[in-house]
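Peer 1: Just passing along the structure, written as structure tokens.
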Amino acid sequence: MRITKLTLTNFRSFKQEQTITFAPITLLFGPNSVGKSSVLMALFYLQQIIEKGQCNPQRLEALGNKLVGGFKNLVNGRDLSKSIVIRIDYDKQGAIGSTYAKSLDLLTESSTLHDVSLLLQDQAVATEQVGLEFVIAWSKLQKTAYVQKLSVWLNNEFICETSCDEGLKNPLITRLNLSHVLLLPSDHDTWLETMLADSEETIWSGWYQPNMALSNSSERFSENGLKSQLHADLKHHKMVGFKAISGALPKPNKLLETTISHEDSVVAAIINEALSEVLVSPLDNLLAILNDSLCIGPLRCIPDSTYQPSQYPRQGDWYDGKACWDALSTPYLMRDAKINEWLADEDKLNLGYQLVYVTRDSETRFIKASLNFERTEDVMAINDAVQGQLMASLSKENLDVNPESEQVPVSMEYLEELRKNNDIYSSFYVGNEIDKTSFVSLWDIRNQIPVTTSDIGVGISQLLPLIVASQDERKGIIACEQPELHIHPRVQVVLGDLLLESCNDKSFLIETHSEHIILRILRRIRESHKDSEAKYDPINPNEISIIYLQSTGEGVITKKLEITDDGDFEHDWPDGFFDERDEELF
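Each residue of the sequence shown is one higher than the one before, starting from 1 at the first, in UniProt numbering.
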């Protein structure tokens with residue numbers, strides 16, 4: 001599944017409705033402080049709303065607990081009378097995703113149950129395009145923000161709307177498109193074909209018998225003929241109440257609990273499942289995309305020798321790059337081999353470093369404390385444990401008879417070497433364990449030595465989180481702010497190839513000022529258009545979305561820069577962006 005559009009109104013610097021079109025690679029350009037980071041923030045603000053119902057958060061967890069200061073600092077102009085409107089569209093790309101059609105197996109041939117047999121079994125499969133619009137407002141009564149309204153579109157057609165009063169006590173399904181194809185009875189097509197066939201026969205009969213008056217049965221195309229029991233029940237209930245997590249927002253990943261009642265429990269269950277399918281499933285799928293996403297902030301940490309990697313990195317740990325080093329602490333061959341290609345290959349980043357696996361074997365021996373030496377091996381065993389505390393000597397004489405006989409000191413180092421090189425037995429050894437550890441380290445290819453993160457250049461340590469994330473198994477969005485920081489223009493250019501090669505199963509959302517990244521992407525599009533034997537996979541301009549953000553008196557406006565098939569822009573950059581180079585050269 002991929003997010004295809006994000007529409008913002010009254011969110012931070014976005015005042016008027018603005019739409020950002022997403023693609024497998026989306027690049028955000030614009031002057032400093034124009035609002036590029038607000039696009040990333042909106043995504044993870046929405047994630048926290050859906051998952052936890054937090055419309056008024058002080059911090060965003062997915063952004064490393066970044067301080068945002070609540071709804072007041074998120075709404076445009078800090079005007080609490082305004083409502084933030086965020087709409088997200090996504091494409092399921094053939095995935096089934098979340099579904100609540102659990103009770104269909106309970107359907108029988110009885111007419112009562114047959115009447116409510118909707119297309120539930122086909123909804124999850126038939127739905128490809130999903131749109132969700134959230135209206136987030138401030139409640140003066142409750143002194144907090146809440147979801148005032150939620151609207152859902154399936155396959156580009158409106159299907160459902162929920163709303164809630166300012167008191168946050170009455171979440172209701174206020175609009176439901178009962179004519180939507182996904183809410184029609186399962187036998188609707190068969191019924192319609194039969195009715196049309198009968199009508200056609202009647203018409204032709206009248207044509208050949210002109211004296212016969214045409215008549216139309218009032219029941220043939222009556223409203224009831226197009227509706228199922230679901231429509232009747234919902235029409236009877238008018239607006240339907242339900243349990244919510246915040247205002248008009250249903251609880252995700254949970255069957256909708258509504259106020260609908262029915263004498264037949266199976267019918268009631270199917271109706272609730274139908275409503276869950278059109279209202280909760282779209283939320284579940286969007287949350288799954290956002291939970292499978294990450295954001296790398298503009299300043300990435302450089303771990304020192306005291307850094308202890310976490311075995312359980314959180315989504316927010318990616319924001320300062322720590323999760324990158326946490327991930328690398330555990331060897332994963334498929335990922336690490338691809339990372340090494342990008343780090344070291346001459347036709348890629350060629351940074352002069354690579355990942356290596358360090359393995360260490362260790363033996364743990366358990367030795368009893370005793371002075372009852374019976375064999376030389378016992379001395380060797382004790383010396384193994386208390387080196388430096390033991391002195392020993394050898395004599396050919398009988399010490400009991402001739403204690404003054406000359407004694408020759410024994411080298412403890414010699415005993416230790418002897419112990420290492422010979423299998424010895426001593427009753428002093430009461431047990432042993434063999435242990436092997438493996439971990440990932442950086443290797444300096446040029447000098448053929450292991451290095452730490454503090455030994456390498458800052459640029460490489462700043463870039464590594466994006467490289468690791470690009471090879472991660474996540475299928476959501478990999479967002480990154482200013483990946484070009486501290487790196488050479490040659491490396492910036494190759495970043496374009498990294499994004500292009502890694503975007504098949506994930507999406508990239510990059511906030512950048514780098515002209516070099518764009519130039520490489522345009523070149524690959526041009527090569528795809530002109531050279532059928534290019535060594536890189538063909539690139540379609542539709543796979544790239546370049547968004548320019550511009551500040552105006554009416555807030556930020558966005559403009560999508562269209563790319564031609566031959567790798568050029570249809571129009572010049574707005575405001576002379578990147579014209580500084582021409583001014584310096586000419």
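All C-beta atoms in this analysis are idealised placements derived from N, C-alpha and C, irrespective of residue type, glycine included.
Under 7 Å between C-beta atoms, does residue 550 make it to chain B?
Peer 2: Looking for chain B here will not work: only one protein chain is present.
Peer 1: In terms of alpha-carbon separation, which member of 52, 484, 97 lies closest to residue 296?
Peer 2: It is 484.
Peer 1: Return the CA-CA distance between residue 542 and residue 528, expressed in angstroms with no decimal places.
Peer 2: Spanning the two alpha carbons is a distance of roughly 13 Å.
Peer 1: Classify residue 311 as buried or exposed, calling it buried when 16 or more other Cβ atoms lie within 10 Å of its own Cβ.
Peer 2: Exposed: under 16 other Cβ atoms inside 10 Å.
Peer 1: Closer than 6 Å by C-beta to residue 83: which residues in its own chain qualify, once you throw out the five before and the five after it? Chain order, please.
Peer 2: Here the set comprises 135, 137.
Peer 1: Considering Cα atoms alone, identify which of 3, 5, 9, 20 is closest to residue 558.
Peer 2: Residue 558 has its Cα closest to that of 20, out of 3, 5, 9, 20.
Peer 1: Indicate the three-state DSSP secondary structure (helix, strand or coil) for residue 445 in the structure shown.
Peer 2: In the structure shown, residue 445 sits in coil (DSSP, three-state: anything other than H, G, I, E or B).
Peer 1: Run the CB neighbour count on residue 569, radius 10 Å, all protein chains shown included, and call it buried at 16 or more, exposed below.
Peer 2: Residue 569 should be labelled exposed.
Peer 1: May I have the straight-line CA-CA distance separating residue 380 from residue 434, to the nearest angstrom?
Peer 2: Their backbone Cα atoms lie some 20 Å apart in a straight line.
Peer 1: Fully enclosed by the stretch 267–355, which beta strand (DSSP E) runs are 3 residues long or longer?
Peer 2: For the stretch 267–355, whole beta strand (DSSP E) runs of length 3 or above, ordered along the chain, are 294–296.
Peer 1: From residue 5 to residue 364, what does the alpha carbon distance come to, in whole angstroms?
Peer 2: Near 58 Å, if we compare the C-alpha coordinates of residue 364 and residue 5.
Peer 1: Just grab the DSSP bridge partners of residue 360 for me.
Peer 2: According to DSSP, which records beta bridges pairwise, residue 360 is partnered with 437.
Peer 1: Between 425, 416, 286, which lies nearest to residue 375 when the distance is taken from Cα to Cα?
Peer 2: Cα-wise, what sits closest to residue 375 is 425.
Peer 1: Residues bridged to residue 89 by DSSP?
Peer 2: Answer is 5, 131, bridged to residue 89.
Peer 1: Tell me whether residue 101 sits in a helix, a strand or coil according to DSSP, three-state version.
Peer 2: The answer is coil: DSSP assigns residue 101 none of H, G, I, E or B.
Peer 1: Take residue 95 as the anchor and find which of 259, 547, 505, 567 has the nearest alpha-carbon.
Peer 2: Taking only the C-alpha atoms, the option nearest residue 95 is 505.
Peer 1: Measuring CB to CB, does residue 78 end up less than 7 Å from residue 7?
Peer 2: No. Outside cutoff.
Peer 1: Given a threshold of 16 other Cβ atoms within 10 Å of its Cβ, counted over all protein chains shown, does residue 366 qualify as buried or as exposed?
Peer 2: Classification of residue 366: exposed, given that the 10 Å Cβ count is below 16.
Peer 1: Going straight from the alpha carbon of residue 351 to that of residue 446, what length do you get?
Peer 2: So the alpha carbons of these two residues sit roughly 10 Å apart.
Peer 1: Using a Cβ distance threshold of 8 Å, determine whether the stretch 262–273 contacts the stretch 448–465, with at least three qualifying pairs required.
Peer 2: No, because fewer than three Cβ pairs between the stretch 262–273 and the stretch 448–465 fall closer than 8 Å, the two stretches do not touch.
Peer 1: Report the option in 343, 146, 181, 283 whose CA atom is closest to the CA atom of residue 171.
Peer 2: Comparing Cα-Cα distances from residue 171 to each of 343, 146, 181, 283, the minimum goes to 146.
Peer 1: With residue 470 as the anchor, note down where its alpha helix (DSSP H) starts and where it stops.
Peer 2: Run containing residue 470: 458–470, per the alpha helix (DSSP H) assignment.
Peer 1: Let's test the definition: count the other Cβ atoms within 10 Å of the Cβ of residue 563 and tell me whether it reaches 16, buried, or not, exposed.
Peer 2: With 16 or more Cβ atoms within 10 Å of its Cβ, residue 563 is classed as buried.
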